[in-house]
Each structure stands twice: as structure tokens, then as C-alpha cells.
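Protein sequence lines, in the order shown, are assigned to chains D and G.
Note that numbering that gives the first Met the number 0 gives residue 290 to position 291 of the first sequence, counting from 1, and the numbers run on in steps of one.
Note that numbering that gives the first Met the number 0 gives residue 206 to position 207 of the second sequence, counting from 1, and the numbers run on in steps of one.
The C-beta atom is built at its ideal place from N, Cα and C for all residues, glycine as well.
Computed from a prediction, not measured in an experiment: that's the story for all the values here.
Taking it in order: structure first as C-alpha cells, then the write-up.
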Amino acid sequence: MQLITTLLAVTLGAGTSLLYATLGEIYTERSGILNLGVEGMMMMSALAAFSVSFYTGSLLLAVIVAMAVGAGLSLIHAFLSITMRANQVVSGLSITLFGTGLASYLGQRLGPASNGRNLAGMSAKSFSDISVPVLGDIPILAAFFNQDIMTLLLFIVVPAAWIFMFKTRSGLTLRAVGENPRTASAMGIPVAGIRYIYTAVGGMLVGLGGAHLTLGYTPGWSENVTGGRGWIVIALVIFAGWNPSRAIFGAVLFGGINAIQFRLQAAGTVIPASFLNMAPYIVTIIVLAVMTLLGRKRRGTYSPPSALGTSFAIEDK
Amino acid sequence: MRLVLEKRESRSRKVLLFVPIISFGVSLLLGAIVLAASGANPLKTYIYMARGAFGSWSGFTETLVKAIPLTLTGLGVSIAFRLRFWNIGAEGQFIWGAIGTSWVMIFWNFLPVQLLLPIGLLMGMITGAIWAGIPAIMKAGWGVDETLTTLMMNYIAILFAEYLYYGPWRDPEGFGFPGTRPFPREAWLPRIAGRAHWGLLIALIAALLLWFVLYRTKWGFEIKMIGLNKRAARVQGVNISRNIVLVLLVSGALSGLAGATEVTAIQHRLMKGIDMGYGFTAIIIAWMAQLNPIAVVFVAVVMGGILVGGDQIQMMMGLPASMGLVLQGLLLFPLLAGTIFSDYRLKAVVQEEVV
Numbered sequence: 000m001q002l003i004t005t006l007l008a009v010t011l012g013a014g015t016s017l018l019y020a021t022l023g024e025i026y027t028e029r030s031g032i033l034n035l036g037v038e039g040m041m042m043m044s045a046l047a048a049f050s051v052s053f054y055t056g057s058l059l060l061a062v063i064v065a066m067a068v069g070a071g072l073s074l075i076h077a078f079l080s081i082t083m084r085a086n087q088v089v090s091g092l093s094i095t096l097f098g099t100g101l102a103s104y105l106g107q108r109l110g111p112a113s114n115g116r117n118l119a120g121m122s123a124k125s126f127s128d129i130s131v132p133v134l135g136d137i138p139i140l141a142a143f144f145n146q147d148i149m150t151l152l153l154f155i156v157v158p159a160a161w162i163f164m165f166k167t168r169s170g171l172t173l174r175a176v177g178e179n180p181r182t183a184s185a186m187g188i189p190v191a192g193i194r195y196i197y198t199a200v201g202g203m204l205v206g207l208g209g210a211h212l213t214l215g216y217t218p219g220w221s222e223n224v225t226g227g228r229g230w231i232v233i234a235l236v237i238f239a240g241w242n243p244s245r246a247i248f249g250a251v252l253f254g255g256i257n258a259i260q261f262r263l264q265a266a267g268t269v270i271p272a273s274f275l276n277m278a279p280y281i282v283t284i285i286v287l288a289v290m291t292l293l294g295r296k297r298r299g300t301y302s303p304p305s306a307l308g309t310s311f312a313i314e315d316k
Numbered sequence: 000m001r002l003v004l005e006k007r008e009s010r011s012r013k014v015l016l017f018v019p020i021i022s023f024g025v026s027l028l029l030g031a032i033v034l035a036a037s038g039a040n041p042l043k044t045y046i047y048m049a050r051g052a053f054g055s056w057s058g059f060t061e062t063l064v065k066a067i068p069l070t071l072t073g074l075g076v077s078i079a080f081r082l083r084f085w086n087i088g089a090e091g092q093f094i095w096g097a098i099g100t101s102w103v104m105i106f107w108n109f110l111p112v113q114l115l116l117p118i119g120l121l122m123g124m125i126t127g128a129i130w131a132g133i134p135a136i137m138k139a140g141w142g143v144d145e146t147l148t149t150l151m152m153n154y155i156a157i158l159f160a161e162y163l164y165y166g167p168w169r170d171p172e173g174f175g176f177p178g179t180r181p182f183p184r185e186a187w188l189p190r191i192a193g194r195a196h197w198g199l200l201i202a203l204i205a206a207l208l209l210w211f212v213l214y215r216t217k218w219g220f221e222i223k224m225i226g227l228n229k230r231a232a233r234v235q236g237v238n239i240s241r242n243i244v245l246v247l248l249v250s251g252a253l254s255g256l257a258g259a260t261e262v263t264a265i266q267h268r269l270m271k272g273i274d275m276g277y278g279f280t281a282i283i284i285a286w287m288a289q290l291n292p293i294a295v296v297f298v299a300v301v302m303g304g305i306l307v308g309g310d311q312i313q314m315m316m317g318l319p320a321s322m323g324l325v326l327q328g329l330l331l332f333p334l335l336a337g338t339i340f341s342d343y344r345l346k347a348v349v350q351e352e353v354v
């Protein structure tokens with residue numbers, strides 16, 4: 000029982016950053032914009048959050064800056080793919096290449112002189128677990144209610160995201176823009192504006208995911224802190240069928256793989272560490288293949304927004 | 000007055016030529032902002048970078064050392080991109096090329112030593128091609144998104160190489176060094192000048208061959224048709240699935256060859272640090288070169304120069320070498336923003352439109 004509670008607690012901790020970023024990418028993709036820059040945005044916001052916390056000691060400020068960095072990078076993507084109608088795949092890739100390069104550079108420049116200006120190896124103020132009274136003492140449930148504030152906030156953020164997307168007028172507008180921008184435009188919806196907004200909103204949520212990596216899940220900065228999580232997020236959006244509530248399962252699945260990995264490594268198994276570390280990437284490929292085959296069978300529930308990845312201009316015929 | 004975009008009657012070739020050059024200038028300017036903001040002198044940094052990469056013979060040969068794998072991976076990525084198949088797995092295909100070649104070099108000692116190099120390079124191409132073939136088959140057969148599969152397979156390749164050089168392939172006399180034992184000296188790919196090696200010739204031949212195939216053969220025409228319009232190509236009787244797999248085998252073989260030449264000419268063993276990021280720079284190269292194989296060669300030299308320049312400022316000024324990666328990342332922004340002007344022209348509209 001104790002083991003299950005611990006494993007579950009680690010799973011949720013590891014899944015938090017994935018869940019924030021997945022929610023963000025769902026919003027962006029629902030508006031028709033495919034942003035493959037998540038990895039770079041997560042990396043940069045993870046660095047931003049850590050360095051702000053390191054120098055100011057303010058976690059709130061750190062999170063705000065991380066969101067701003069995520070939004071800022073996503074707006075570059077929005078400008079390139081919406082206004083300049085660039086290829087969205089390449090534009091997103093450029094955000095990732097730039098973000099990971101810049102984070103690596105700044106990580107070796109922003110640190111204190113005593114550490115050779117390097118931020119790696121420094122420690123900063125990070126989130127500590129909050130134990131919710133009563134609920135935090137019940138076995139199993141304790142895993143859910145002994146978490147840091149960012150994980151706990153997800154109990155509100157995920158349902159809110161779902162309600163917004165499927166039960167409000169604004170959510171309907173968002174989905175209309177992603178499904179059929181031409182009709183949406185004819186109805187007087189400013190397609191480009193809506194896409195800008197949700198690309199930025201997505202960027203903020205990805206920024207939160209990045210912040211949780213360096214301030215929550217594994218406090219501290221290292222150059223490969225994201226380790227491909229930004230790409231796993233893109234797969235999780237497909238896994239979730241572009242639905243915020245289903246994103247939970249993906250985050251728990253991959254958080255769980257992380258938790259089991261650590262457990263096995265600590266216990267010392269015969270499986271070499273390299274193979275254990277491959278697990279998330281192999282599972283991503285398998286999940287992707289299964290979802291693609293499922294999506295073919297059951298069109299609708301698991302298929303992407305119709306206009307995903309395409310640019311839209313009124314003057315084009 | 001307001002600015003509007005007006006569609007051109009035909010694609011402007013002039014714009015396509017100038018946009019990459021202007022982009023290069025803009026990325027230097029943006030990079031200067033990053034440098035200045037992080038407390039470094041931009042002008043001094045750039046001078047050190049340029050001097051390090053092109054200012055001396057030894058620096059230039061180092062630039063070529065990087066340009067060789069960058070050309071080969073750049074070619075590999077661009078042929079896949081021509082099909083609109085987003086192969087971002089060149090890094091993994093490069094690593095598998097290195098693994099395949101190392102396997103021959105270390106374990107095929109039943110072969111006469113003169114045969115090790117050609118067979119080793121061939122094996123690198125085969126393993127690279129297989130690694131690219133897997134996501135190609137998943138895409139052609141089931142429609143599985145290739146950006147994610149190719150990317151995920153990079154991580155798997157890196158971890159597998161790591162398993163080999165830390166584990167079963169580790170040099171027993173290497174004092175715990177994470178690497179295999181060195182390849183037999185007779186099987187090394189010879190060098191021309193400095194560390195620059197005959198892979199240079201291989202890369203140039205590959206570029207010319209690819210140019211010929213793409214622009215002068217029926218297969219090249221089919222690839223172009225698929226890239227422009229899948230549906231039209233299918234109507235014309237082009238087998239798209241088969242082409243995806245074939246093109247990706249070539250793409251993976253080229254990146255695999257890059258990894259193969261790298262281990263046989265530079266490291267002479269499979270060791271830690273084989274994931275050098277060439278496969279990612281290749282994406283920028285392919286796009287800068289607008290998927291033209293000949294242009295890939297020139298862009299690869301410039302990109303090689305940026306990487307050598309990055310190493311140089313680390314040694315001379317104590318600045319992180321990843322400044323080179325920042326500059327490369329910045330290149331794509333103005334390039335992507337500028338491409339629109341090949342299809343559209345900016346026009347100032349003076350009077351208000353009457354609705």
C-alpha cells in the first residue's frame with residue numbers, strides 16, 4: 000500500500016510538467032496552429048524560472064517570467080506561421096533549435112562568477128510539498144494531496160480547461176477557427192487574432208510546464224533538463240485526442256514510466272540504465288502508432304482539428 | 000496608407016536567392032543583441048569567430064571537418080523534405096551509421112584489413128538507412144506522424160550507442176574510458192590536410208549525384224511531383240508509399256554515411272560524444288539551401304564555420320561555444336519570414352478600400 004502511494008505520488012510529480020505543457024499545446028493546436036517548438040520553449044522557461052528563483056528567491060516571479068518566456072517564444076512562431084504564412088513544421092523546429100541553443104548558452108552565462116558563470120550545480124528556492132489536511136492522510140489518496148502547489152492547482156486547471164473548451168462560447172470560437180477557418184471568418188471571427196491569442200496561451204502553459212521541471216520535479220538546472228519532454232508532449236496531444244480531460248491519462252502514463260524507471264534504477268536491476276531510459280521514447284512511438292490506427296477506425300473522437308498546420312489568408316482562393 | 004500582400008504571378012527566383020543571404024545578416028544582428036545582453040562584446044566575438052573559422056589554414060580545415068558530416072546529413076534531410084516527409088531523425092541515423100561502421104571495424108576481423116574501410120562505410124549506410132526506413136514504413140503503411148517517430152528514434156539511437164560503449168563494446172584496455180577500442184590503423188579513412196579527410200570528396204560526389212537524380216531523372220521528377228501535390232501525383236500513377244520508403248532509405252543512408260566517415264576519419268572508435276548535433280543543424284542547412292543539393296554544400300561550409308567559430312570564442316574569450324547554436328537557430332527566423340516575398344510582394348495601398 001505504501002509502495003503504491005509512493006509510486007503514485009512520484010508519478011503525479013513527474014507528470015505535472017507534461018500535463019501543463021500538453022494542455023498548452025492542445026489550446027494552440029485547437030486553433031489550427033501546430034507548434035513543434037514546445038521542447039525549446041520548455042527548455043527556455045525552465046532556465047528562466049530557475050534563474051529568477053536563484054537571484055530573487057521569489058517563486059511567484061519565477062513562474063510569471065517562465066510564462067512570459069513561453070508566450071514570447073510562441074509569439075515568434077505565431078508571427079512566422081500566421082502573419083508570414085511560413086511552414087509551421089519548420090517554424091516550430093526553428094523555435095526548438097533556437098530555444099535549446101539559447102538555454103544552453105545562457106545557462107553558462109547567467110550563473111554567479113564564483114561558479115564560472117554557470118547555473119548548473121546551483122540550488123535555488125523551489126516548491127515544497129503541501130499536505131492537504133485530512134485528505135492527505137488517507138492511504139492512496141495521500142498521493143494526490145501531498146504535492147506541491149503547481150500539481151495541486153491542476154485539480155482546478157484541467158476541469159477549467161475542459162469547461163472552457165467545450166462549454167463556453169469562447170471555446171466554441173476557438174474550435175471553429177481550428178476546424179474551419181473560412182467559415183469562422185465568414186461569421187466575423189478574426190481568425191488570425193484568435194490564433195495569436197491561443198498560441199500565446201499555449202506558450203504560457205508550456206512555460207508553466209518548464210518552470211515545474213526546475214522548481215518542482217527535479218529542482219536545479221542542467222542542460223538536458225527537458226530530455227525530450229517537449230516532444231513527448233506533442234505525442235500526448237494526439238494521445239489525448241485534443242481533449243484536456245483525456246490529457247490526464249497521458250501525463251499519468253508517462254509520469255508513471257518515469258517513476259518506475261527511478262524505482263528500478265534505485266533497486267538495481269539487471270536491465271542496463273540505457274535501456275530503462277529508452278522506455279519513454281519507445282512507448283511514445285507505440286502510443287502514436289496505436290492512436291493513428293484508432294483514429295482511422297473512429298473518425299471524430301481521435302482526429303485532429305481539420306485545419307491543423309495550414310495557414311489561412313482571406314485573399315487566397 | 001496601409002501595406003498589403005499581393006500575390007505574384009510566378010515565384011520570384013531572385014527573392015529565393017537573396018532571402019538566405021539577408022537572413023544571415025539579420026541573424027548576426029539578432030545574435031549581437033543576445034551577446035550584448037549577456038555582457039559580451041558582439042563585434043569582438045564575431046571577429047574571433049570569423050578568424051577562427053576562416054582566418055587561417057588550420058582553422059579552415061577544421062571548418063571542413065564539420066562541413067563534411069553537415070553536407071551529408073544536410074543532403075539526407077533535404078531529400079526527405081522534398082517529399083514533405085519531416086525527417087528530423089538525421090541525428091539518430093548519423094549515430095546508427097557510426098554504430099554500423101564500428102561493428103565492422105571491430106568485429107569483422109576475419110576480413111582482409113584493406114576491405115574493412117569500404118565494407119565498414121557500406122554498413123554505416125545500411126544501418127542508417129534501416130533506422131530511417133522504420134519511420135518511413137510506419138508512415139507509408141499506417142500514416143503514423145513522422146516528425147515524432149524520427150525524433151524519438153534519435154533518443155533511442157543515442158542511448159543504444161551509450162549502452163554499447165559503456166557496456167559490451169567498451170575497450171577492456173581503455174582504463175574505463177567510455178569508448179570502443181580503436182579501429183585498425185590500416186582501415187582509417189585517410190586525411191588530406193589537418194584533420195580534413197577524404198570524406199570531403201565523398202560528400203561532394205554525393206551532392207552531385209543527388210543533384211543529377213533530382214533534376215535529371217524520372218525518379219527525381221516523381222519526387223518533385225509528390226512534394227508539390229500528393230493527390231495530383233497519385234492521379235498520375237505515382238506510387239507514393241513506395242517513394243516515401245525509397246527516398247527515406249536514401250536519406251538515412253546519407254546521414255549514416257556521415258556518421259561512418261566521422262568515426263573512421265576523426266575519432267577512429269565509437270565513443271562518448273558521438274551525438275554531435277549535426278543531424279539538427281542539417282535541418283537548418285536543408286532549409287537555407289532551399290533543398291538544393293549543390294547549395295547544401297555551400298551552406299554546410301558556412302554552418303561548419305559557425306560551429307568552429309563557437310569553439311574558438313570558448314577557447315579565446317571564455318564564451319560558451321553554444322553561441323554557435325544560437326546563431327544557427329536565429330538563421331531560420333528571418334529566412335522563414337522572408338520566404339513569403341517569393342510568392343507575394345508588399346504593396347502600399349493609399350486610398351481606403353470601398354466596402
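| Asked | Found |
| --- | --- |
| Below 8 Å on the Cβ atoms is my contact criterion, and I expect Gly178 of chain G with Leu115 of chain G to pass it. Report the Cβ-Cβ distance as a whole number of Å. | Not quite, the Cβ-Cβ distance comes to about 18 Å (not below 8 Å), so this is no contact. |
| Please classify Arg7 of chain G as buried or exposed, where buried requires at least 16 other C-beta atoms within 10 Å of its C-beta. | exposed |
| Kindly indicate if chain G contains any beta-carbon less than 7 Å away from that of Ala234 of chain D. | yes |
| For the beta strand (DSSP E) that Val348 of chain G lies in, which residues bound it at each end? | 343–348 |
| Please determine if the segment 76–93 of chain D and the segment 217–225 of chain D are in contact, where contact requires at least 3 C-beta pairs separated by less than 8 Å. | no |
| Give the single residue among D:Phe97, D:Tyr54, D:Ala65, D:Gly56 whose Cα lies nearest to the Cα of Ile75 of chain D. | D:Phe97 |
| Out of D:Ala8, D:Glu28, D:Ala112, D:Ala191, state which residue places its alpha-carbon closest to the alpha-carbon of Ala234 of chain D. | D:Glu28 |
| List, in order along the chain, the chain G residues whose C-beta lies closer than 8 Å to that of Gln107 of chain D? | Pro319, Ser321 |
| Where does Met270 of chain G sit, in a helix, a strand or coil, going by DSSP? | strand |
| Exposed or buried, Gln264 of chain D, counting other C-beta atoms within 10 Å across all chains shown (16 or more means buried)? | exposed |
| Would you say Trp141 of chain G faces chain D, with C-beta separation under 7 Å as the test? | yes |
| Using a Cβ-Cβ distance cut-off of 7 Å, determine whether Ile355 of chain G contacts chain D. | The question about residue 355 of chain G has no answer, for chain G in this structure spans 0 to 354. |
| By how many angstroms is the C-alpha of Leu118 of chain D removed from the C-alpha of Ala112 of chain D? | 10 Å |
| Would you kindly work out how many angstroms separate the C-alpha atoms of Leu345 of chain G and Leu2 of chain G, rounded to a whole number? | 7 Å |
| From the beta carbon of Ile32 of chain D, is the nearest beta carbon of chain G less than 7 Å away? | no |
| If we ignore side chains and look at the alpha-carbon of each, how far apart do Glu24 of chain D and Gly73 of chain G end up? | 29 Å |
| Is the number of C-beta pairs between the segment 300–312 of chain G and the segment 323–332 of chain G that are closer than 8 Å three or more? | yes |
| Strictly below 9 Å CB to CB, what residues from chain G border Ile281 of chain D? | Met151, Ile155 |
| In the structure shown, what three-state DSSP assignment does Lys316 of chain D receive? | Note that Lys316 of chain D scores a pLDDT of 39, beneath 50, so its modelled location is shaky; the value from the coordinates is reported in the next line. Three-state DSSP puts Lys316 of chain D in coil, outside helix and strand. |
| Of all the options D:Pro304, D:Arg168, D:Leu11, D:Lys124, which has the alpha carbon lying nearest to the alpha carbon of Tyr54 of chain D? | D:Lys124 |
| Cα separation between Lys316 of chain D and Phe84 of chain G? | Annotation note: pLDDT 39 at Lys316 of chain D (below 50); position unreliable, coordinate value reported separately. Distance between the alpha carbons of Lys316 of chain D and Phe84 of chain G: 26 Å. |
| When you check each C-beta in the segment 283–297 of chain G against every C-beta of chain D, which residues fall closer than 8 Å? | Ile283, Trp286 |
| Using CA atoms only, rank isn't needed, just tell me which of G:Gly255, G:Gly119, G:Pro189 is closest to Ala205 of chain G. | G:Gly255 |
| Pairs of beta-carbons, one from the segment 81–101 of chain G and one from the segment 55–64 of chain G, closer than 8 Å: are there three or more? | no |
| Quick one: what's got a C-beta closer than 8 Å to Ile265 of chain G's C-beta in the same chain, skipping five residues either side? | Val64, Arg194, His196 |
| So Leu4 of chain G is in the beta strand (DSSP E); what residue range does that whole segment cover? | 1–6 |
| Give me, in chain order, the residues of the same chain whose beta-carbon lies closer than 7 Å to that of Arg190 of chain G; leave out the 5 immediate sequence neighbours on both sides. | His196, Ala264 |
| Within the 7 Å Cβ cut-off, does Phe17 of chain G reach chain D? | no |
| Using only the alpha-carbon positions, how far apart do Val296 of chain G and Phe279 of chain G sit? | 16 Å |
| Could you have a look at Ala195 of chain G and say whether DSSP puts it in helix, strand or coil? | strand |
| Would you say Leu356 of chain D faces chain G, with C-beta separation under 7 Å as the test? | The shown model of chain D, from 0 to 316, leaves out residue 356 of chain D, and the question about it has no answer. |
| I think Ala89 of chain G touches Gly99 of chain G, with their Cβ atoms under 8 Å apart; what is that distance to the nearest whole Å? | That pair is no contact at about 15 Å. |
| DSSP three-state call for Gln113 of chain G: helix, strand or coil? | helix |
| Give, in chain order, every unbroken run of the alpha helix (DSSP H) that is at least 4 residues long and sits entirely within the segment 206–247 of chain G. | 217–227, 229–234 |
| With C-beta atoms as the reference, is Leu307 of chain D less than 7 Å away from Tyr301 of chain D? | no |
| Going along chain G, which residues have a C-beta under 8 Å from Val88 of chain D? | Trp85, Thr146 |
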